[in-house]
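Data first, discussion second: the structure below is written as structure tokens.
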Amino acid sequence: AGFVTIGQSLFIGTVASLISNFAVSLKSKTTLDDTLDVFPCHGLGGITGMIATAIFAKEVGLIYGETTTFFNHLIALAIVTVFAFTGSAALYYITNLLTPLRVQPEMEESGLDLSQHGESTMEPGTEWS
Numbered sequence: 030a031g032f033v034t035i036g037q038s039l040f041i042g043t044v045a046s047l048i049s050n051f052a053v054s055l056k057s058k059t060t061l062d063d064t065l066d067v068f069p070c071h072g073l074g075g076i077t078g079m080i081a082t083a084i085f086a087k088e089v090g091l092i093y094g095e096t097t098t099f100f101n102h103l104i105a106l107a108i109v110t111v112f113a114f115t116g117s118a119a120l121y122y123i124t125n126l127l128t129p130l131r132v133q134p135e136m137e138e139s140g141l142d143l144s145q146h147g148e149s150t151m152e153p154g155t156e157w158s
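For the sequence shown, our numbering assigns the number 30 to the initial residue and increments by one for each residue that follows.
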């Protein structure tokens, strides 16, 4: 708070939300498994906000001719990205050793409520469209 003006913050929020929304719509056309859209929403929104803050920051932003803050933000972004990816990959690997995180395709097709719990949340004879 206090690093950018209210107008700039509205602009940053609008751009970040548009980028996140676009990424969510693109993700649905791929085979990526991110059920809660965590990366498009939080990852890309945060990256956009971090870079835009370095561009618009009062007196030290890129629009004021200062490059130090911008490059420091890029370095921090790289460090956080490597840390988050490495930590997530390690946790995924450890958890997958203890209990498999993916179900068989036919179980997923029949629905996890039915295949994993023996119950259905749908009326008999109906299907997901």
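Idealized CB from N, CA, C, for every residue including glycine.
The C-alpha of LEU141 lies about 29 angstroms from the C-alpha of ALA113. At the C-beta level, LEU61 and ALA83 stay beyond 9 angstroms of one another.
When the beta-carbon positions are compared, GLY78 and ILE41 come within less than 9 angstroms of each other.
In this chain, the alpha helix (DSSP H) harbouring GLY42 covers 35–56. The region 65–76 and the region 40–54 touch, with no fewer than 3 CB-CB distances between them shorter than 8 angstroms.
Sequence-distant Cβ neighbours of GLU148 in its own chain, meaning closer than 6 angstroms and more than five residues away, are ASP142. When TYR93, LEU73, ALA81, VAL132 are compared, the shortest CA-CA separation from LEU39 is found for ALA81. Per DSSP, GLU135 is one residue of the alpha helix (DSSP H) stretching across 134–139. The alpha-carbon separation between GLU135 and ALA119 amounts to approximately 28 angstroms. Per DSSP, reduced to three states, the secondary structure at PRO129 is coil, with no helix or strand assignment. Secondary structure at PHE114: helix, using DSSP grouped into helix, strand and coil. Taking a 10 Å sphere around the C-beta of VAL33, we find 16 or more other C-beta atoms and assign the residue as buried.
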